[in-house]
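Enquirer: Chains as they are written, first to last, in this note's numbering: chain A, 255 to 439; chain B, 10 to 286. For each residue, glycine too, the CB sits at the ideal point set by N, CA and C. Right, I'll just put the structure down here and ask away after.
Here you go:
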């Protein structure tokens with residue numbers, strides 16, 4: 255029975271560890287910030303811990319959970335001419351189709367909710383005119399938005415690629431059919 | 010049968026059979042280079058058994074340039090030349106399967122790669138090395154982790170040394186350094202120079218390393234003369250580290266205009282270090 259439950263839990267989320275970490279750092283940063291700014295006043299500790307957690311979360315989302323949960327990756331490179339190029343990478347079609355739906359749902363929704371929460375917190379600190387706390391919220395918000403933008407561009411790119419690929423496959427299949435038709439004739 | 014490098018699958022009718030054969034032959038035990046899509050360059054600490062990267066006669070325009078994960082394992086016995094589709098069935102199940110490209114590499118590899126990048130960037134920027142004269146090469150692989158750690162460390166050190174108003178000191182130090190880096194970069198861009206925003210932020214952050222060392226020494230030893238000497242030495246070191254990059258980014262007649270604010274920022278950080286008690 256336990257084994258069956260374990261099985262069904264695993265079938266719900268394809269990568270439970272990754273999902274956990276994806277949510278953990280975000281939640282920890284938010285929780286730490288909210289609790290400590292209410293109960294403990296020490297700004298330096300709040301800033302450093304929250305900023306470190308937010309940075310770790312950024313890294314985990316960009317390098318680990320993005321890859322594993324939704325099969326996307328983005329980064330920036332400087333090419334030989336000294337221009338900066340943004341690169342987007344995605345898994346090919348079969349793997350994308352095989353990705354767990356719950357995983358990707360969790361991925362996208364926690365990204366958006368996280369950014370929304372930090373936006374709310376920065377509005378609060380703006381209203382209270384606490385410049386220090388605006389700084390923390392600003393940093394965390396920037397990191398979340400960067401990830402959202404990066405992954406959204408990556409996803410659009412992946413869709414474009416799918417379309418191009420489909421068009422090309424169709425074209426080549428059509429031409430090979432013609433060729434085989436002619437050889438038979 | 011021609012193969013285009015952007016299509017992961019064979020367009021011919023042999024494709025299915027070939028694919029299955031490739032999947033069987035490419036044994037998962039081969040460990041693959043972690044980052045095939047990058048252009049080959051000297052600094053990336055990645056195993057050099059790299060098959061020729063996907064020919065990007067890269068359009069020099071900075072457009073987002075996408076391509077599917079390319080390459081077959083170099084040591085596999087696959088006879089067919091076209092690239093292997095990188096569909097690995099074990100991706101979803103274990104999450105950390107073998108790595109044909111950066112999309113499916115183990116997490117530990119990513120961590121190691123990033124850590125070694127920080128170290129190599131630090132060495133390139135702050136210590137004398139043969140690539141200093143060519144700033145284009147210097148921080149090709151920019152990253153913001155190093156700068157983040159150095160800024161936070163400097164803020165913490167200053168805050169620790171301060172006997173009163175610790176939070177303000179930290180906030181001021183962090184704000185000054187972060188905003189200063191952004192403004193300095195904008196300054197160069199407005200002077201008509203050619204730099205890349207993040208690369209410059211990264212450079213200015215890495216150049217804080219000597220000041221970090223100086224602040225640490227000043228925190229440990231409270232002698233004013235020693236502080237002045239240490240700060241002067243580390244200030245000179247930081248400026249020397251930042252000089253080639255900033256000066257080559259702008260028109261030679263405007264070099265001083267670009268370099269002076271950098272120097273000014275480091276001097277003000279130096280004063281902060283000396284003045285804190």
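#1: Counting only Cβ pairs nearer than 7 Å, list the residues of chain A close to residue 175 of chain B.
#2: Measuring only the C-alpha atoms, how far is residue 167 of chain B from residue 269 of chain A?
#3: Helix, strand or coil: how does DSSP classify residue 380 of chain A here?
#4: Closer than 9 Å by beta-carbon distance: list the chain A residues that pair up with residue 165 of chain B, in chain order.
#5: Of all Cβ atoms in chain B, is any one closer than 8 Å to the Cβ of residue 386 of chain A?
#6: Under 8 Å Cβ-Cβ, which residues of chain B neighbour residue 309 of chain A?
#7: Just curious, the alpha helix (DSSP H) that residue 278 of chain B is in, first and last residue?
#8: Does DSSP put residue 114 of chain B in a helix, in a strand, or in coil?
#9: Does the beta carbon of residue 332 of chain A come closer than 8 Å to any beta carbon on chain B?
#10: From residue 216 of chain A to residue 321 of chain A, what distance separates their C-alpha atoms?
#11: If you run the structure through DSSP and keep just helix, strand and coil, what is residue 158 of chain B?
#12: Let me know if residue 349 of chain A comes out buried or exposed under the rule of 16 or more other beta-carbons within 10 Å of its beta-carbon.
#13: Shortest alpha-carbon distance to residue 369 of chain A belongs to which of A/340, A/342, A/280 and A/316?
#14: Please classify residue 431 of chain A: does DSSP put it in a helix, a strand, or coil?
#15: Is the beta carbon of residue 161 of chain B less than 8 Å from the beta carbon of residue 171 of chain B?
#16: What does residue 343 of chain A pair with, by DSSP beta-bridge criteria?
#17: Using a beta-carbon distance cut-off of less than 9 Å, what residues from the segment 179-203 of chain B approach chain A?
#18: Near residue 361 of chain A, what residues of its chain come up, given a Cβ to Cβ distance below 7 Å and the 5 sequence neighbours on each side ignored?
#19: What does the alpha-carbon distance come out to for the pair residue 191 of chain B and residue 431 of chain A?
#20: Residue 289 of chain B versus chain A: which residues are under 7 Å apart at the beta carbon?
#21: Rounded to whole angstroms, what is the Cα-Cα separation between residue 267 of chain B and residue 194 of chain B?
#22: Taking only the alpha-carbon atoms, compute the straight-line gap between residue 125 of chain B and residue 131 of chain B and give it to the nearest angstrom.
#23: Kindly say whether residue 278 of chain B, judged by its beta-carbon, lies nearer than 8 Å to any beta-carbon of chain A.
#24: Distance, Cα to Cα, residue 330 of chain A vs residue 316 of chain A?
#25: Measuring CB to CB, does residue 217 of chain B end up less than 8 Å from residue 256 of chain B?
#26: Taking C-beta pairs closer than 8 Å, name the residues in chain B that residue 389 of chain A reaches, listed in chain order.
#27: Can you tell me whether residue 236 of chain B is buried or exposed? The criterion is at least 16 other CB atoms within 10 Å of its CB, across all chains shown.
#28: Quick one: which chain A residues come within Cβ less than 8 Å of residue 119 of chain B?
#29: What residues are listed by DSSP as bridge partners for residue 332 of chain A?
#30: Would you say residue 283 of chain A lies against chain B (beta-carbon separation less than 8 Å)?
#31: Could you name the residues of chain A that residue 128 of chain B contacts, counting a contact when the two beta carbons are closer than 7 Å?
#32: Mind checking which residues open and close the alpha helix (DSSP H) that includes residue 226 of chain B?
#33: At the level of alpha carbons, what is the spacing between residue 258 of chain B and residue 153 of chain B?
#34: If we ignore side chains and look at the alpha-carbon of each, how far apart do residue 163 of chain B and residue 271 of chain B end up?
Expert: On the basis of the coordinates in this document:
#1: Those within 7 Å of residue 175 of chain B in chain A are 298.
#2: Their backbone Cα atoms lie some 43 Å apart in a straight line.
#3: Helix, per DSSP.
#4: Simply 298 and 302.
#5: Residue 386 of chain A counts as touching chain B.
#6: Result: 154 and 157.
#7: In the DSSP assignment, residue 278 of chain B falls within the unbroken alpha helix (DSSP H) covering 264-284.
#8: Coil, per DSSP.
#9: Yes - at least one Cβ of chain B is within 8 Å of the one on residue 332 of chain A.
#10: One cannot answer for residue 216 of chain A here, as it falls past the ends of chain A, which runs 255 to 439.
#11: In the structure shown, residue 158 of chain B sits in a helix (DSSP, three-state: H, G or I).
#12: The residue in question, residue 349 of chain A, is buried, as its Cβ has 16 or more Cβ neighbours within 10 Å.
#13: Of A/340, A/342, A/280 and A/316, the smallest CA-CA separation from residue 369 of chain A is found for A/280.
#14: Residue 431 of chain A carries a helical assignment under DSSP once its states are collapsed to helix, strand and coil.
#15: Not in contact: residue 161 of chain B and residue 171 of chain B (Cβ atoms no closer than 8 Å).
#16: Looking at the DSSP output, residue 343 of chain A sits in a beta bridge with A/327.
#17: Taking 9 Å as the Cβ-Cβ cut-off against chain A, the residues of the segment 179-203 of chain B that qualify are 179, 180, 183, 184, 187 and 203.
#18: Around residue 361 of chain A: 276, 319, 323 and 324.
#19: Whole-angstrom Cα-Cα distance: 58 Å.
#20: Because residue 289 of chain B is not part of the residues shown, which for chain B are 10 to 286, the question remains open.
#21: The alpha-carbon atoms of residue 267 of chain B and residue 194 of chain B are separated by roughly 9 Å.
#22: If you take the alpha carbons of residue 125 of chain B and residue 131 of chain B, they lie about 10 Å apart.
#23: Residue 278 of chain B does not count as touching chain A.
#24: Each residue's Cα considered, the two are about 12 Å apart.
#25: In this structure, residue 256 of chain B does not lie closer than 8 Å to residue 217 of chain B by Cβ.
#26: Going along chain B in sequence order, the residues near residue 389 of chain A (Cβ under 8 Å) are 180, 183 and 184.
#27: Looking at its Cβ environment, which holds 16 or more other Cβ atoms inside 10 Å, residue 236 of chain B is buried.
#28: At a beta-carbon threshold of 8 Å, the residues of chain A lying near residue 119 of chain B are 317 and 318, ordered along the chain.
#29: According to DSSP, which records beta bridges pairwise, residue 332 of chain A is partnered with A/338.
#30: It does not; no Cβ of chain B falls within 8 Å.
#31: Around residue 128 of chain B, no beta-carbon contact reaches into chain A at under 7 Å, the shortest distance being about 16 Å.
#32: Taken as a continuous stretch (DSSP letters only), the alpha helix (DSSP H) holding residue 226 of chain B covers 218-229.
#33: If you draw a straight line from the Cα of residue 258 of chain B to the Cα of residue 153 of chain B, it is about 20 Å long.
#34: Each residue's Cα considered, the two are about 17 Å apart.
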